[in-house]
Amino acid sequence: GYPISTDKPLIITIHDIGPLTHPNFFTFKDKWFMKQSLKQAIKKAVAIICVSNATAYEVEEYSKNIFNICIKNRLHVVHEGVDEMFFKSPQKNEIKDFHLIESIVSTPFILTVGQISPRKNLQTVLRAFQNLKEYLPNHHLITVGGNGWDFQQIKDQVYELGLENRVHFLGYVSDNLLKFLYRKAVVFVYPSLFEGFGLTVLEAMASGCPVITSNTTSLPEVAGDAAILINPKNINQLSDSIKTVCDNNEMREHMIEKGLARAKKFTWEKAALLTSKIYLKNV
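Residue numbers (our numbering): 59 to 341.
Structural data, given as structure tokens:
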């Protein structure tokens with residue numbers, strides 16, 4: 059956030075400090091700006107809220123090692139919540155951009171969601187999907203999200219792997235289409251290399267979609283035992299996990315059940331209550 063001048067007690071919320079801990083995924087400007095803002099914030103703040111234990115750990119370690127400031131007593135973790143709308147199935151007539159998937163709606167597909175940028179690790183998803191090209195001859199891959207700085211590289215990779223007829227980039231979609239896609243997908247894959255929280259994992263679970271995600275940063279904390287956790291750099295592990303979910307309907311149903319239960323634990327009501335308690339205690 060921006061530097062704030064105030065004499066009032068200051069409470070800040072930190073979603074992640076990725077530019078400082080994972081600089082290869084961000085610009086130098088991001089890194090410089092976050093370092094200045096973070097230093098001022100942790101010097102002034104009476105309380106620091108982080109959205110995950112993983113983020114809290116990184117903020118605490120960075121503050122101690124780089125700024126020589128101990129913030130442990132001021133640090134609080136408040137998990138984000140999943141929007142209630144993801145638990146509800148949309149009606150087809152409510153999906154204004156349904157035309158985007160009209161031609162592939164009856165095709166089994168694997169789904170991934172997020173801005174197409176290096177940390178989302180779409181390169182690994184494409185290679186894992188290519189491994190399964192013959193094994194799952196009818197499956198397609200749908201990706202939802204804005205175009206980040208390696209989009210052209212990703213498009214080139216699709217052609218190099220011979221997947222141009224089976225990979226679909228939808229860009230931004232409406233909330234109703236996103237809910238529909240989560241529900242229709244055979245599996246949701248999210249092998250991100252770094253996340254401060256990873257809300258899309260809970261959105262997929264709330265929608266009744268099995269999840270395969272990374273065993274790094276905040277993602278195991280969010281997914282718990284309701285997802286298949288993989289090394290995000292291991293292509294074969296990802297393709298084997300996709301194959302397992304597609305092959306084993308009983309396991310898939312079990313994952314859906316566990317995912318729904320897991321998603322129900324993360325509510326905005328709970329987040330608001332914890333946040334208000336921190337504010338009341340410190341102002």
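Glycine included, C-beta positions come from ideal geometry on N, C-alpha and C.
The three-state reading of DSSP puts residue 179 in coil, since its state is none of H, G, I, E or B.
Around the beta carbon of residue 319, fewer than 16 other beta carbons lie within 10 angstroms, which makes this residue exposed.
Annotation for residue 248: the continuous beta strand (DSSP E) segment containing it runs 245–248. Contact annotation, residue 137 with residue 110: C-beta distance approximately 7 Å; criterion of less than 8 Å satisfied. In the assembly as shown, residue 192 is an exposed residue. Its beta-carbon has fewer than 16 other beta-carbons within 10 Å.
Counting C-beta pairs closer than 8 Å gives three or more between the segment 180–197 and the segment 291–305, which meets the contact rule. For the pair residue 223 and residue 277, the Cα-to-Cα distance works out to about 31 Å. Look at residue 187 here: in three-state DSSP terms it is helix. Our two residues, residue 114 and residue 254, have alpha carbons roughly 9 Å apart in a direct line. Residue 130 counts as exposed, since fewer than 16 other beta carbons sit within 10 angstroms of its beta carbon.
Between residue 168 and residue 245, the CB-CB gap stays under 7 Å. Its chain contains 174 and 180 as the residues whose beta carbon lies nearer than 6 Å to that of residue 212, once the 5 sequence neighbours on both sides are disregarded; these appear in chain order. According to DSSP, residue 272 shares a beta bridge with 288. In the structure shown, the three-state DSSP call for residue 158 is helix. One thing to note: residue 148 has its Cβ within 7 Å of the Cβ of residue 238. Proximity to residue 315 across 296, 325, 293 and 284 peaks at 284, based on C-alpha coordinates. Straight-line spacing of the CA atoms in residue 204 and residue 287 works out to 25 Å. Remark: C-beta atoms of residue 70 and residue 99 approach each other more closely than 7 Å. The segment 224–236 makes contact with the segment 138–157; the number of CB pairs closer than 8 Å reaches 3 or more.
Within the DSSP secondary-structure output, residue 205 pairs in a beta bridge with 174. Note on geometry: alpha-carbon atoms of residue 312 and residue 280 lie some 18 Å from one another.
A distance below 6 Å between beta-carbons, with the five flanking residues on each side excluded, links residue 251 to the following residues of its chain, in chain order: 177, 179 and 290. Per DSSP, the continuous alpha helix (DSSP H) segment holding residue 302 begins and ends at 293–305.
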